[in-house]
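Take 1 as the starting number for the sequence shown in full-length UniProt numbering and just add one per residue. Since the structure comes first, as structure tokens, the remarks are kept for the end.
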Amino acid sequence: MDHMNQSDQPRDQFPRGPTVSGTPVQKQSCPEPNGQSFLPMNSPKEVSRVKVHNERVSTWAFSDEVRQVLEPRSGDQPNSSRTGTKVSYMICPQNETLSDTSALNLPPKDYIIHLAQIADFHLNTNYLVFDYPAFLDQLNSTPLQSLKKASEVWHVKLLMVIALGRLFLGRGATSFGPPGIREFLQGVNALPSNVVISQDPLMAIETLCLLATYAEAADMHSAAYLFSGQASRLARSCGLDKKRGLSKDLESTGQDYKQNLWWTICVLDQKRSATIGANVDYQVQEPNDSLLSSHRHFGSISSLALRFNLLVANQLTRIMTAFSKHAYAGTMSSAFMNEIIVELVAMQRLGKETGNMPPLCYEQSLQTVSRPVATLHLLYYHCIVIATKPILLHLMKLPRNEDDHKASINGSLEPAFAIMRTCVNAACCSLNIMSALREQNLLEIFSFCDLEITFLAALSLVIANAVIPNITESSFVKVAKDVLQDMSQGGNIPATLLKSELDEVLKLTPNLPPLHGRASHSAPARRPATMVEDGRVLNNAILHVIEIQPVGKQSHYDPSFRHETAPGSSMGNQQPRHEAREATALIHNPSWRPSLPQANNGVPPPPNNIYIHNFDPAEHGFTFDMEGLQWLDNVQ
Numbered sequence: 001m002d003h004m005n006q007s008d009q010p011r012d013q014f015p016r017g018p019t020v021s022g023t024p025v026q027k028q029s030c031p032e033p034n035g036q037s038f039l040p041m042n043s044p045k046e047v048s049r050v051k052v053h054n055e056r057v058s059t060w061a062f063s064d065e066v067r068q069v070l071e072p073r074s075g076d077q078p079n080s081s082r083t084g085t086k087v088s089y090m091i092c093p094q095n096e097t098l099s100d101t102s103a104l105n106l107p108p109k110d111y112i113i114h115l116a117q118i119a120d121f122h123l124n125t126n127y128l129v130f131d132y133p134a135f136l137d138q139l140n141s142t143p144l145q146s147l148k149k150a151s152e153v154w155h156v157k158l159l160m161v162i163a164l165g166r167l168f169l170g171r172g173a174t175s176f177g178p179p180g181i182r183e184f185l186q187g188v189n190a191l192p193s194n195v196v197i198s199q200d201p202l203m204a205i206e207t208l209c210l211l212a213t214y215a216e217a218a219d220m221h222s223a224a225y226l227f228s229g230q231a232s233r234l235a236r237s238c239g240l241d242k243k244r245g246l247s248k249d250l251e252s253t254g255q256d257y258k259q260n261l262w263w264t265i266c267v268l269d270q271k272r273s274a275t276i277g278a279n280v281d282y283q284v285q286e287p288n289d290s291l292l293s294s295h296r297h298f299g300s301i302s303s304l305a306l307r308f309n310l311l312v313a314n315q316l317t318r319i320m321t322a323f324s325k326h327a328y329a330g331t332m333s334s335a336f337m338n339e340i341i342v343e344l345v346a347m348q349r350l351g352k353e354t355g356n357m358p359p360l361c362y363e364q365s366l367q368t369v370s371r372p373v374a375t376l377h378l379l380y381y382h383c384i385v386i387a388t389k390p391i392l393l394h395l396m397k398l399p400r401n402e403d404d405h406k407a408s409i410n411g412s413l414e415p416a417f418a419i420m421r422t423c424v425n426a427a428c429c430s431l432n433i434m435s436a437l438r439e440q441n442l443l444e445i446f447s448f449c450d451l452e453i454t455f456l457a458a459l460s461l462v463i464a465n466a467v468i469p470n471i472t473e474s475s476f477v478k479v480a481k482d483v484l485q486d487m488s489q490g491g492n493i494p495a496t497l498l499k500s501e502l503d504e505v506l507k508l509t510p511n512l513p514p515l516h517g518r519a520s521h522s523a524p525a526r527r528p529a530t531m532v533e534d535g536r537v538l539n540n541a542i543l544h545v546i547e548i549q550p551v552g553k554q555s556h557y558d559p560s561f562r563h564e565t566a567p568g569s570s571m572g573n574q575q576p577r578h579e580a581r582e583a584t585a586l587i588h589n590p591s592w593r594p595s596l597p598q599a600n601n602g603v604p605p606p607p608n609n610i611y612i613h614n615f616d617p618a619e620h621g622f623t624f625d626m627e628g629l630q631w632l633d634n635v636q
């Protein structure tokens with residue numbers, strides 16, 4: 001088709017020039033027919049910037065917590081080493097041109113189809129953000145000259161599909177935003193009222209999901225949270241969350257489509273809330289059987305991927321709930337440690353479900369890496385890194401003087417070290433995957449998922465290597481910098497600033513004396529974790545990444561362990577899904593080696609050097625007691 005060969009030359013490439021704020025930005029070299037740039041700035045009041053250093057966004061929140069530990073040791077005030085005000089894309093939220101839905105020239109219809117194919121490929125593999133066949137049917141049945149006169153919701157949906165298609169093509173970013181920012185802002189300004197939206201709920205829900213997806217890529221995380229929350233409430237208002245009692249508007253729609261759309265809403269809502277540390281609007285409640293097990297007969301990788309995505313999102317919400325419960329404690333209590341262990345065991349059980357999905361790499365070569373499956377693995381590892389973050393901070397804060405050193409470096413810290421090893425394993429696997437994607441040119445330049453896990457994994461390894469020197473090779477942090485650099489060169493401004501932030505934290509880490517092995521100079525040489533070069537090993541790594549082992553009892557990943565609330569209830573008043581009462585049955589394998597699967601289909605087990613087993617031994621022997629974790633309350 002001709003549209004497949006049409007070049008997507010960006011119409012918003014700008015030469016450098018001064019703005020009202022004195023900051024160099026880009027001006028349009030190919031103006032619109034009216035001679036104006038697509039985002040005219042008539043006064044300084046029309047220009048605003050998205051704040052990158054937002055203490056609520058997960059990436060910056062973690063970095064701020066690390067700085068609060070490191071900078072006082074160097075004599076600086078927290079965050080004092082940050083140079084200048086760090087801001088993201090400039091936006092023009094109010095503009096007469098943007099408010100006029102006829103001001104934006106739509107591309108030819110065949111090129112719209114091309115952009116829709118791109119959006120469908122990137123979005124609907126692991127989600128169901130919009131119904132691609134239905135979109136094409138409506139597009140083909142509407143004359144091009146009538147597209148702008150169509151219903152308001154359809155017009156916004158059309159603009160958002162175009163915007164996301166341009167976004168995934170990755171060309172045309174400016175200081176105003178990622179590719180497709182024109183269509184996004186046009187769609188936001190054209191979005192009708194709730195009265196109009198509620199008249200066509202399915203199209204409105206898809207449109208809100210598309211808006212939330214683009215807003216996240218444009219570093220507008222609060223807006224993304226609001227869009228996904230509105231989609232959730234609209235879906236529940238017409239009964240999309242129920243198997244029966246649907247509104248008449250939804251009765252003719254396929255059950256699979258409605259179920260997958262509802263689960264997509266739940267995934268988006270839970271992830272957006274975790275990003276900014278807000279409460280989820282709703283959490284799906286499922287029957288006793290595993291989501292993945294009970295729907296295997298569908299045979300659809302998209303459906304299976306969505307269900308795995310949902311389980312990871314649910315787990316992430318439970319982890320964030322545990323964090324909220326202990327947010328004001330200020331110390332690492334035994335109860336908090338218990339809850340982290342329980343959630344990690346739940347993640348361990350969930351990781352085994354990946355055996356029902358296609359492999360991450362189809363052959364030994366990492367060149368066979370699958371982008372959709374890689375995304376699922378990254379989401380899983382991201383959840384583990386988030387869960388272990390309090391332990392890293394706890395180990396950073398432990399006293400480093402000689403007297404306290406002898407009291408601290410003993411068996412009482414082994415649970416914390418086991419959790420840190422799990423974090424290191426997950427971070428290493430994440431950066432292994434990101435490296436493989438980068439080598440195959442499969443990075444999504446404006447994907448917040450790729451950006452977040454790259455930065456968080458690198459920052460976690462920086463902390464781990466500060467606590468225990470040489471726990472990994474330096475190549476992992478270099479991979480993270482290379483990924484952030486590629487994203488930065490593609491126009492991702494947050495990636496530029498996060499790379500700078502990572503460099504600044506690296507400069508501060510010498511202020512933190514090592515914790516483990518400081519008093520033991522005769523310890524055997526450690527084997528730092530190294531990059532994995534075998535795709536088959538990377539496939540199986542997800543089975544072994546968590547080093548907390550249950551003894552004699554089933555993992556807590558069990559659908560029976562859910563909130564004791566009725567389906568359809570709001571998460572606002574929910575209590576944690578279960579007590580940590582059985583965490584006392586968990587011990588760490590004395591050999592510090594992960595358990596092997598019962599059958600590996602001829603695939604060799606992962607080499608020892610990709611996991612962290614060999615710490616310096618304790619200076620004195622100890623008896624490891626996991627049945628009375630109250631001793632953790634005495635660790636200062």
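Idealized CB from N, CA, C, for every residue including glycine. Note that this is a predicted model, so its numbers are computed, not measured.
Cβ atoms of N432 and L502 stay farther apart than 8 Å, at about 18 Å.
Taking C-beta separations shorter than 7 Å and ignoring five residues to either side along the sequence, the partners of A426 in its chain run Y381, I384, V385 and V545, following chain order. In this structure C209 touches A231 by the C-beta definition: roughly 5 Å separates them, less than 8 Å.
Around the beta carbon of K242, a 10 Å sphere encloses fewer than 16 other beta carbons of the protein chains shown; the residue is thus reported as exposed.
Taking C-beta atoms as the reference points, E473 and P528 count as a pair closer than 7 Å. Within the DSSP secondary-structure output, Y89 pairs in no beta bridge. S88 is positioned such that its CB atom lies no closer than 7 Å to that of I468.
Counting only the Cα atoms, K499 lies some 6 Å from L484. Measuring C-alpha to C-alpha distances from R307 to each of Q367, L379 and V532 identifies L379 as the nearest. One alpha carbon belongs to H155, the other to G187, and they sit about 8 Å apart. The alpha-carbon of V195 is positioned some 25 Å away from that of L128.
Taking a cut-off of 8 Å on C-beta distances, the region 166-177 touches the region 112-124, as three or more cross pairs fall below it. W60 and S141 have their C-alpha atoms some 46 Å from each other.
Residue pairing from DSSP places T472 in a beta bridge opposite A529.
Rounded to the nearest whole angstrom, the C-alpha separation of R438 and S198 is 42 Å. The residue from L392, D281 and I445 with its alpha-carbon nearest to that of H122 is I445. Residues of the same chain with a CB within less than 6 Å of the CB of D120, apart from the 5 flanking positions on each side, are Y132 in chain order. When DSSP reads this structure, G177 sits in a beta bridge with T174. For the region 364-441, the full-length alpha helix (DSSP H) segments reaching 4 residues or more read 371-397, 402-408 and 414-439 along the chain.
Annotated three-state conformation of Y132 is helix, per DSSP. Restricting attention to C238, I276, I391 and G254, the CA atom closest to the CA of T331 is found in I391.
Taking 7 Å as the cut-off, the beta carbon of G351 is found closer than this to the beta carbon of L543. Bridge pairing for C361: V369 [DSSP]. Looking from the CA of S365, the closest CA among V532, T354, V66 and E414 belongs to V532. Secondary structure of Y214 (DSSP, three-state): helix.
Note on geometry: alpha-carbon atoms of E547 and D534 lie some 21 Å from one another. Between the alpha carbons of E339 and C423 lies a distance of about 16 Å. In the DSSP annotation of this structure, the continuous segment of the alpha helix (DSSP H) that includes P494 starts and ends at I493 to L508. Cβ-Cβ distances below 8 Å link M347 to Q315, Y380, C383, I384, A387, I546 and Y557 in the same chain, with the five nearest sequence neighbours on each side left out; the list follows chain order.
With respect to T264, H221 sits apart: the two C-beta atoms are not nearer than 7 Å. With 16 or more other Cβ atoms from the protein chains shown falling within 10 Å of its own Cβ, P178 counts as buried. Sequence-distant Cβ neighbours of L261 in its own chain, meaning closer than 6 Å and more than five residues away, are L128. Between A212 and L158, the CB-CB gap reaches or exceeds 7 Å.
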